[in-house]
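Asks: Here the sequence shown stands for residues 2 to 766, numbered as in the working numbering. To start, I am sharing the structure in question, which I have written as structure tokens.
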Amino acid sequence: MKTPIQNTEDEIDIKEIFRTLFHYKYMIILILLFSTLLSIYIAYFKPNVYQASTTVEVGLPNNNYGRNDVINMALDPGKLIPGTEIAIIKSRFLANKALKKVDFTHKYYTTHHWKEVELYKNAPFKVGMLKGYGISFDLYPINNKSYRLVVENAKDKNGTSWSYDKVHQYGEEVITKHFHLNIVRLKKAKENKYRFVISKNNHYTGSIKAKRVSKYSTILRITYTDNVPLRAQEFVNALAQAYIRQNIEKKTKEATLKLNFIDKQLKNITKNLKSSAVKIEEFKKGSNTISLSSKAEVIITQMSAVESKLEEVNMENKILTTLYNQIKKGRDIGSISIVGIGSGNETLANQIQMLQEAILKKKILREDYTEMYPAVVKLKREISYLKRNIINSIKNLNDNIKEKKRLLEKSIAKYQKSLNTLPADERMYGQLQRKFAVNEKIYSYLLEKRSETAIVKAATVSTNRIIDTALLPSAPIQPKRNMIVLVGVILGLIIGIAIAFLRNFLDDRIQTEEDIKHAIDTPLLGFIPHIKEEKSKLKVLSSPKSAVAEAFRNLRTNLQFMVRKDQAHVIAVTSTIGGEGKTTVCINLAAIMSMANKKTILLNLDMRKPTLHDKFNLSNQYGMSTLLSGSTSLGKVIQKTEYKNLDVITSGPIPPNPSELIQGELMEKVIDKLREVYDVIILDTPPIGLVTDARTLMHLADTSIYVLRSNYSKKDFVNKIKELSDLKEIYGLSILLNDVQIEKHGYGYGYGYGYGYGYYEEDKK
């Protein structure tokens with residue numbers, strides 16, 4: 002049994018929602034229309050953004066040299082990883098190389114369908130400039146030979162405004178104190194006006210992005226966005242080509258460094274080799290020793306092998322010492338490249354690579370952020386940590402090398418002891434021969450590596466390659482115009498509805514009978530539709546088939562249930578303040594009662610502001626004020642109207658004491674006397690919210706009608722009705738809602754009280 006009740010309440014809430022929306026429908030439509038037009042404007046004038054993309058494969062070289070190849074291991078660049086390559090692609094260093102191929106300094110514009118578009122290379126003229134960078138110039142083509150140049154409200158370095166407007170010839174040098182330029186015509190101008198701005202520095206204006214095609218792929222997709230499709234295509238292709246070129250330049254530089262290192266070592270070894278050869282020849286001339294014994298030969302050979310290993314260890318030690326100094330001083334760390342120097346080389350190589358990546362990331366971040374930026378601070382800590390680890394690793398490697406060197410030197414000392422047992426000449430010759438063999442072996446090794454490096458340098462190719470070059474974008478990726486308009490429509494609808502409910506919440510005026518029902522339990526007699534301004538206020542008589550007339554008929558029917566049988570019906574009509582339509586309700590209620598063959602009289606008791614006599618075009622010389630003051634008789638103040646069964650007692654002259662007259666004993670006697678003659682007595686009382694006269698009159702009435710005006714009466718007026726209802730002394734207290742906009746609030750046939758207003762129309766005149 003409870004469920005239907007809940008559904009009814011829900012239905013009422015839904016009706017209230019739709020009633021609010023219907024009430025503010027024009028405002029909602031207006032906001033929706035404005036939002037839609039604004040979104041269309043934004044979508045149309047928002048500049049197009051085009052995206053061009055190219056794909057590049059990042060090559061990972063195979064290091065197939067042996068473990069004992071000291072020079073290649075020492076100068077190897079290490080592994081390339083996509084993360085590092087992405088940082089390189091997005092770096093300002095690479096962008097500056099690409100900017101040499103693409104021009105961002107010259108911007109030419111024209112207007113198509115009220116929208117400014119950039120022409121890029123499609124401009125009908127070209128501008129050369131020596132002075133005046135950053136100034137916006139307007140160019141108006143006149144003919145094939147001349148043009149008009151205009152500058153409006155520009156400012157110089159001192160902030161002084163200046164303007165320029167003159168006609169010049171194409172190819173003419175235009176020199177002023179503010180600018181120096183030359184404009185050359187390229188083709189026929191199709192537009193009446195062009196605009197151009199020349200920048201001094203070449204900076205790209207779009208966004209560079211690079212990412213892997215898939216998670217484990219070494220193929221990178223490079224994209225660039227720009228307002229001009231051709232420039233987007235050209236710049237992203239230039240960026241990819243610059244990336245390939247820098248990779249070749251890097252490899253060439255590495256090969257050059259390797260050659261310089263080998264040449265430096267060759268110079269020293271060659272000098273030592275020549276010195277050893279000279280000493281052997283001089284020894285041979287000064288002694289009779291021509292060759293070594295077999296024992297000496299074995300000792301010398303073994304000793305030479307050990308000394309060669311010792312020389313390699315010394316070379317490793319030298320490279321590690323150089324690396325240690327670079328890391329310690331923090332110089333040229335980005336150019337360091339090393340893989341495998343003895344034991345633990347893989348860890349050292351990885352640490353150096355991580356250090357270089359961290360330094361590169363920090364460099365990129367510092368282009369846009371300060372040293373205090375959290376990511377920069379984090380990278381600084383990471384770099385410091387990696388440096389400490391690398392230094393410790395180098396120290397450990399050096400310790401290992403020292404131990405190896407000690408063992409090798411111990412072996413050499415052992416062989417030297419054996420060599421000392423030989424004859425002096427043979428021993429001396431063996432030592433010379435041993436040094437010569439060591440130098441010769443190292444010399445041969447260096448010559449071999451120099452030849453290999455020279456070949457690599459001459460035939461350097463990039464391990465990276467361009468897979469797909471960028472195509473000319475056919476359509477913009479932004480703005481999403483349909484989406485902008487859709488969002489504008491939805492947003493406009495939401496804002497319109499939100500404002501409607503907000504206005505409804507903040508509106509303290511009574512709109513519909515639902516507002517009254519929610520606030521008070523006092524019976525609601527009905528509502529009266531809006532009455533158009535006319536000369537005659539008696540709408541029920543001038544338009545008997547109108548919705549207003551039908552509303553008063555419904556009111557008359559409802560009042561019949563509140564009258565005692567065979568007794569005159571006294572009806573008091575009041576309101577809170579003036580302007581709520583109390584008097585209009587009185588005269589139309591009196592008229593509708595008279596139309597039912599009920600003898601009706603209307604008393605104007607609002608003696609402070611009398612208007613009733615004007616409605617019926619009657620004299621106001623005598624009335625209630627003269628009657629209650631005892632100046633005239635009842636029969637003298639009753640005036641007949643032109644309508645059958647309808648009499649009126651006007652207010653009479655405005656008295657100084659209307660409250661005392663109404664509260665006097667004579668008032669009740671007058672009503673009792675009228676009950677004997679009339680079927681219906683209607684009292685037009687003063688507003689109860691302003692004076693207390695109405696309360697006295699309501700005590701004398703059988704029915705009291707409290708008039709509230711839709712969209713005029715305040716919601717807190719209901720408190721006055723509650724106060725009267727709580728007294729329990731006023732009979733038949735009920736509420737009438739006046740001046741309801743039927744179309745505005747959605748009333749119609751089958752709604753509310755069921756009058757069926759939809760069947761009625763205003764009488765055509």
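Each residue gets a CB set at the ideal place from its N, CA and C atoms; glycine is no exception. Note that the structure is predicted; figures quoted are calculated from it, not measured.
Could you tell me the alpha carbon to alpha carbon distance between K98 and K442, rounded to whole angstroms?
Replies: About 45 Å.
Asks: Is L698 near L684, with beta carbons less than 7 Å apart?
Replies: It is a contact, given that the beta carbons lie within the stated cut-off.
Asks: What are the boundary residues of the beta strand (DSSP E) that includes T704?
Replies: Element bounds for T704: 704-710.
Asks: Where does I376 land, buried or exposed, given buried means 16+ other C-beta within 10 angstroms?
Replies: For the sequence presented, residue 376 should be read as Ala rather than Ile. Exposed: under 16 other Cβ atoms inside 10 Å.
Asks: What are the boundary residues of the beta strand (DSSP E) that P142 is part of?
Replies: P142 -> beta strand (DSSP E) spans 137-142.
Asks: Roughly how many angstroms separate the alpha carbons of N159 and K178, rounded to a whole number?
Replies: Cα to Cα, the separation comes out at about 13 Å.
Asks: If we ignore side chains and look at the alpha-carbon of each, how far apart do D70 and E449 end up?
Replies: Caution applies to D70, whose pLDDT of 49 falls short of 50 and renders its modelled position unreliable; the value that the coordinates give is listed next. One C-alpha to the other measures close to 12 Å.
Asks: Three or more C-beta pairs closer than 8 Å, one from the region 562-582 and one from the region 689-698: is that the case here?
Replies: Result yes; three or more Cβ-Cβ pairs closer than 8 Å.
Asks: Suppose contacts are defined by Cβ-Cβ distances below 7 Å. Is L409 in contact with L311 by that definition?
Replies: In this structure, L311 lies closer than 7 Å to L409 by Cβ.
Asks: Identify the continuous alpha helix (DSSP H) that holds I521 and give its terminal residues.
Replies: First-last for I521: undefined, no H or E at that position.
Asks: Any idea what DSSP makes of K146, helix, strand or coil?
Replies: It is coil, neither helix nor strand.
Asks: Run through DSSP, which three-state label would L647 get?
Replies: Looking at L647 - three-state DSSP - the assignment turns out to be strand.
Asks: Using beta-carbon positions only, say whether I199 and Y225 come within less than 7 Å of one another.
Replies: Not a contact, by the Cβ cut-off of 7 Å.
Asks: Which whole-angstrom value is the C-beta distance of S547 and D607, which I expect to be below 8 Å?
Replies: S547 to D607, Cβ: 26 Å. No contact.
Asks: Buried or exposed: H204, going by 16 or more other Cβ atoms within 10 Å of its Cβ?
Replies: Classification for H204: exposed.
Asks: Buried or exposed: D522, going by 16 or more other Cβ atoms within 10 Å of its Cβ?
Replies: With fewer than 16 Cβ atoms within 10 Å of its Cβ, D522 is classed as exposed.
Asks: Would you kindly check if the distance between the Cβ of E119 and the Cβ of V229 is under 7 Å?
Replies: Cβ distance < 7 Å, so V229 and E119 count as in contact.
Asks: With DSSP collapsed to three states, give me the class of H614.
Replies: The answer is helix: DSSP assigns H614 an H, G or I state.
Asks: Can the beta-carbon of A591 be found closer than 7 Å to that of T601?
Replies: Going by C-beta atoms, A591 is nearer than 7 Å to T601.
Asks: By the DSSP assignment, the alpha helix (DSSP H) with R565 in it spans what residues?
Replies: Segment: none, R565 is in no alpha helix (DSSP H) and carries neither H nor E.
Asks: Alpha carbon to alpha carbon, how far is L647 from V671? Give it in angstroms, no decimals.
Replies: Taking the straight line from one Cα to the other gives about 18 Å.
Asks: Is A501 closer than 7 Å to Y25 when the C-beta atoms are compared?
Replies: Yes.
Asks: Whole-angstrom Cβ separation of A581 and S705, contact assumed at under 8 Å?
Replies: The residue asked about is misnamed: residue 581 is Glu in this sequence, not Ala. That belief does not hold up - the Cβ atoms of E581 and S705 are roughly 15 Å apart, past 8 Å.
Asks: Using a 10 Å radius around the Cβ and a threshold of 16 neighbouring Cβ atoms, would you call R565 buried or exposed?
Replies: Classification of R565: exposed, given that the 10 Å Cβ count is below 16.
Asks: Considering Cα atoms alone, identify which of Y416, K364, I353 is closest to M304.
Replies: It is Y416.
Asks: Between which two residues does the alpha helix (DSSP H) harbouring L662 extend?
Replies: Segment 659-663, the alpha helix (DSSP H) holding L662.
Asks: What residues in its chain sit with their C-beta under 7 Å from that of L662, if we drop five residues either side in the sequence?
Replies: If we look at L662 and ignore the five residues flanking it on each side, its Cβ neighbours are S626, L629, S630, P656.
Asks: Nearest-angstrom Cα distance between V59 and S40?
Replies: Straight-line Cα distance between these residues: approximately 44 Å.
Asks: Here's the rule: buried if 16 or more other CB atoms are within 10 angstroms of the residue's CB, otherwise exposed. What is I72?
Replies: In this predicted model, I72 has a pLDDT of only 46, less than 50, meaning its place in the structure is not dependable enough to derive any value.
Asks: Candidates Y165, G84, S162: which alpha carbon is nearest F217's?
Replies: This sequence places Tyr at residue 217; Phe is not what is there. The residue with the shortest Cα to Cα distance from Y217 is G84.
Asks: What three-state label does DSSP hand K450 in the structure shown?
Replies: DSSP places K450 in helix when its eight states are reduced to three.
Asks: Locate the alpha helix (DSSP H) running through D727, then write down its first and last residues.
Replies: D727 -> alpha helix (DSSP H) spans 719-728.
Asks: Counting only the same chain and skipping the five closest in sequence on each side, list residues whose C-beta sits under 7 Å from that of Y679.
Replies: Answer for Y679: A569, K600, T601, I602, listed in chain order.
Asks: Is the beta carbon of P474 closer than 7 Å to that of Y47?
Replies: Note that residue 47 is Lys in the sequence shown, not Tyr. Cβ atoms of K47 and P474: not closer than 7 Å.
Asks: Do A471 and S54 come within 7 Å of each other at the CB atom, strictly closer than that value?
Replies: Yes, these two residues count as a Cβ contact at 7 Å.
Asks: Closer than 7 Å by C-beta to Y623: which residues in its own chain qualify, once you throw out the five before and the five after it? Chain order, please.
Replies: Correct list, in chain order: T633, K637, V638, G653.
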